[in-house]
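In my numbering, the protein residues as written are 1073 to 1339.
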């Protein structure tokens, strides 16, 4: 028996109906504002794959609510910083000159997973206009969340994350851990301990493609799991399975406030 056959036998069959039941059991409701971070492979063998997951989410949350997913394009960045995989140094300047500018209508997500990429292309989904760390949104507050995404400090007070915070939204970690929890970057902006860094990307300025830069903050994603585990000792997080995927439903504002205080006190 091949290894692939063994892997398939260990997976479970998950339908859209099952997904909807699991979303309801975890606490998702119509009208919620929710940002979703996901792993399709963690769910099991999904009938309809990523399309079924997006449809199930939309049917549960309904147009009365809002679904948000990261639509980042982190490959639109300085090749000198690439590690997975790196490219030869003699390529760097050519890449800087040749990288196509970000276009929210056609530029695919990178490293966000199949669910987020499918969601980006669904009818009615809007996308913010940041060349490196955009977000997609669908539903009642989609325009409010994606409009006016600032170039500088893209996880800060002029970001989709801040709009979700204002709406008292939720975070769904679907088969992923806190290291994928983009909302926690808003706490870096709110923290007194923030440290500024500069990143580069290809973008449009006055209709022309250019190699530009933006200011952002030092990333603490390497300790997000530690912060999340500490948070759960005091605050309630809904845990459950979506298919076979261990998942969490978290109040975004509460986690951001806690993470901000954690960074202030320990970083």
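Think of the CB as a built atom: it goes at the ideal place given N, C-alpha and C, for glycine as much as any other residue.
Remember, it's a predicted structure, so these values are computed and weren't measured experimentally.
Here residue 1100 carries a coil assignment [DSSP, helix/strand/coil].
Cα atoms of residue 1119 and residue 1221: separation of roughly 35 Å, rounded to the nearest angstrom.
Nearest in C-alpha terms to residue 1198, of all of 1181, 1176, 1205, 1183, is 1176.
For residue 1333, the three-state secondary structure derived from DSSP is helix. With respect to the C-alpha of residue 1192, the residue from 1235, 1251, 1143 having the closest C-alpha is 1143. If the five residues before and after residue 1083 are omitted, its C-beta is found closer than 6 Å to the C-beta atoms of 1116, 1117, all from its own chain and listed in chain order.
Straight-line spacing of the CA atoms in residue 1255 and residue 1227 works out to 8 Å. Classified as buried, residue 1328 has 16 or more neighbouring CB atoms from the shown chains inside 10 Å of its CB. Taking a contact to require three or more Cβ pairs closer than 8 Å, the region 1100–1112 and the region 1232–1248 qualify as touching. Under the three-state reduction of DSSP output, residue 1232 falls in the helix class.
Secondary structure note for residue 1311: it is in no alpha helix (DSSP H), and the uninterrupted beta strand (DSSP E) holding it is 1310–1314.
About 16 Å separates the Cβ atoms of residue 1172 and residue 1159, ruling out a contact at the 8 Å cut-off.
Taking residue 1181 as the centre and dropping the five residues before and after it, the same chain places the C-beta of 1143, 1144, 1145, 1188, 1189, 1192 closer than 7 Å to its C-beta, in chain order.
Remark: C-beta atoms of residue 1167 and residue 1141 do not approach each other more closely than 9 Å.
In this model, residue 1243 and residue 1219 are separated by some 20 Å (Cα to Cα). Between residue 1100 and residue 1321, the C-beta spacing is below 9 Å. Ranked by Cα distance from residue 1311, the options 1086, 1088, 1096, 1169 are led by 1096.
Spatial neighbours of residue 1252 in its own chain (CB-CB distance under 6 Å, excluding positions within 5 residues in sequence) are listed in chain order as 1109. Residue 1270 is bridged by DSSP to 1287.
According to the DSSP secondary-structure assignment, residue 1109 is paired through a beta bridge with 1245. The closest CA to that of residue 1264, considering only 1170, 1289, 1224, 1186, is found on 1289. With respect to the C-alpha of residue 1332, the residue from 1260, 1297, 1267, 1129 having the closest C-alpha is 1260. Between residue 1300 and residue 1211, the gap from beta carbon to beta carbon reaches 9 Å or more. In this structure, residue 1103 keeps its C-beta atom at 9 Å or more from the C-beta atom of residue 1123. With fewer than 16 neighbouring CB atoms inside 10 Å of its own CB, residue 1269 falls in the exposed class.
Pairing residue 1139 with residue 1323, the inter-Cα distance amounts to about 14 Å. Here residue 1281 has 1173 as same chain residues with Cβ atoms under 6 Å from its own Cβ, once five neighbours each way along the sequence are excluded. Scanning its chain for C-beta atoms nearer than 7 Å, with the 5 sequence neighbours on each side dropped, one finds around residue 1179 the residues 1145, in chain order.
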